Structures are given as C-alpha cells and as structure tokens.
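S.K.: In this note's numbering, the protein residues as written are 48 to 194.
Here it is as structure tokens:
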C-alpha cells in the first residue's frame, strides 16, 4: 500500500480469515454456553461425565476475552478440541443415564446444530472415529436445518 492510498478490506484473504475466526469463536462459545446451561440445571450430574477442572480451564472465560492463537496449527488444534468437547458433551446429554430434559435445553440444541454445521465425523482406516472441522471449499458448510 502506498502512502495516502486506500486499503481494501473486502479482499478474499481478509474475508476468509474473518470467516475462520467467526467459526472458531462460534464453536468455542457454543460449547461454553451449553456447558454453563447444563452446569446450572444439573450440577451434580455434570462432574460424573466430564473433568470439571480441565473443561473449566478451557471454557471458564468467554472466547472473545483472550487472544486466539496466531498459527494455523494451533488454531486447528483449538477447533478440533472444541469439536471433540462438543461431541463428548452432546453424547453425555443424550445418554440413557442422563436426565432426559437436558436434551431440551436451548443451549444444547444450539451446540448440536453448530456441531452438525461446522464439523464432520468420520472413521479412519483403523476404525477410529475422527472429528474435524468442515472446510468451506471442499466439504461445504451445512445450512441450519435440523439433521
């Protein structure tokens, strides 16, 4: 950019970076909100299905109150952790031993939709389940319909 020139903010790389950050924050905040909702209504049940101390470190503060990682590798790790945690929480809430009304919490429904829209759950060659973020270019991003 030359001195006195105008900087364009609609460049493809800028829009792509904003989209990726938005998806990262949405995933983290969705897990945090569902976790807080479940903790508020079922405080005795929650410690039986997750490690409260570990999850408390990751989701104790809002995602927008701390600086996100700058490297793509660290961001990818964070996206994977959010997806894995979302899947663990949703499976725990959906388990037959969980109070059935937990599934009806609005924050849990939002988390389920975010997981469906932004993550793919596949099986690797060894038969292990793998969760990864959808790539807009190769996987497409799902719409908000019920799945």
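We put the beta carbon where it would ideally sit given N, CA and C, even for glycine. Nothing here was measured: the structure is a model prediction, and the numbers come from that model.
Alpha carbons only, please: which of 101, 154, 118 is nearest the one belonging to residue 73?
M.R.: The shortest Cα separation from residue 73 among 101, 154, 118 belongs to 154.
S.K.: In whole angstroms, what is the alpha-carbon distance linking residue 150 and residue 119?
M.R.: Distance between the alpha carbons of residue 150 and residue 119 is about 34 Å.
S.K.: Taking its Cβ as the centre, do 16 or more other Cβ atoms sit within 10 Å of residue 159, making it buried, or is it exposed?
M.R.: Buried.
S.K.: Along the alpha helix (DSSP H) that carries residue 100, what are the first and last residues, could you check?
M.R.: Looking at the DSSP string, the run of the alpha helix (DSSP H) that includes residue 100 is 99–106.
S.K.: Give the range of the beta strand (DSSP E) segment to which residue 177 is assigned.
M.R.: Counting along the chain, the beta strand (DSSP E) containing residue 177 begins and ends at 176–180.
S.K.: Of the residues 141, 175, 116, 136, which one's Cα is nearest the Cα of residue 78?
M.R.: The candidate whose alpha carbon is nearest that of residue 78 is 136.
S.K.: Helix, strand or coil: which one does DSSP assign to residue 220?
M.R.: The chain is shown only over 48 to 194; residue 220 falls outside these bounds and no answer can be derived.
S.K.: Which of the three DSSP states is assigned to residue 167 in this structure?
M.R.: Residue 167 falls in the strand class under three-state DSSP.
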